[in-house]
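Participant: Dumping the structure here so I can ask a few things about it.
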Amino acid sequence: MRKFLRGFKFAFKGILYCIKNERNMRIHTVAMVYVLIFARFFQFTRTEYAILIITIAMVLAAEAFNTSLERIANKFGMEYNKLIEAAKDTAAGAVLILAIGAVGVAIALFSDAKGYINIYNYFMGNPIMLAILAISIIIALIYIIFLPTICRRFGKTKKGID
Numbered sequence: 059m060r061k062f063l064r065g066f067k068f069a070f071k072g073i074l075y076c077i078k079n080e081r082n083m084r085i086h087t088v089a090m091v092y093v094l095i096f097a098r099f100f101q102f103t104r105t106e107y108a109i110l111i112i113t114i115a116m117v118l119a120a121e122a123f124n125t126s127l128e129r130i131a132n133k134f135g136m137e138y139n140k141l142i143e144a145a146k147d148t149a150a151g152a153v154l155i156l157a158i159g160a161v162g163v164a165i166a167l168f169s170d171a172k173g174y175i176n177i178y179n180y181f182m183g184n185p186i187m188l189a190i191l192a193i194s195i196i197i198a199l200i201y202i203i204f205l206p207t208i209c210r211r212f213g214k215t216k217k218g219i220d
């Protein structure tokens, strides 16, 4: 059982590494949070929610794989190498393909105008929630832009090293 739990510890450590060190992972996590918050205003079926969650998980996993490959390539490819460059570019391309696919899923799922009317009515009827949304956007931008600096200043992180 301990080995099993240690596996989770290492997995979460890897996720946190990606979040601390990869701006795109922070962008994806912010997008995930807002997508899941706003999804409740649309009348999604269980299947549509499953598609949404799988899509989000795939994008986050692709970003983590890309980060892993980049770190390994940087460690063992200190000098310029066409194959390492191709591997890194291909991994980044895979993330882009998934992100474009995710946009397609979002367009398909979030195309109902009633959902946007529900969002508008909710926030216009709840000014406190509108203020919280505005504050959350500011916090999200700070998280995306300044998290590595904050981690280095207040934590044990040193320039991308967990």
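Numbered according to this note's numbering, the sequence shown spans residues 59 to 220. Backbone N, C-alpha and C define an ideal beta-carbon position, used for all residues, glycine too. Since the structure is predicted, the reported quantities are computational estimates derived from the model, not experimental observations.
1. Go through its chain and collect everything with a Cβ distance to A152's Cβ below 8 angstroms, but skip five positions before and after it.
2. How far does the alpha helix (DSSP H) with E128 in it extend, from its first residue to its last?
3. Between which two residues does the alpha helix (DSSP H) harbouring R210 extend?
4. Do you know offhand how far T207's Cα is from G135's?
5. Alpha carbon to alpha carbon, how far is F96 from I77?
6. Considering only residues of the same chain and omitting the five flanking positions on each side of M116, which have a CB-CB separation below 6 angstroms?
7. Do you know offhand how far F102's Cα is from V88's?
8. Going by C-alpha distance, which of R98, G72 and H86 is nearest R129?
9. What whole-angstrom Cβ distance do F99 and Y180 have, given they're in contact under 8 angstroms?
10. With 16 other CB atoms within 10 Å as the buried threshold, where does I114 fall?
Facilitator: Concretely, from the data shown:
1. A120, F123 and N124
2. R104 to F134
3. P185 to F212
4. 27 angstroms
5. 22 angstroms
6. L156
7. 21 angstroms
8. G72
9. 7 angstroms
10. buried
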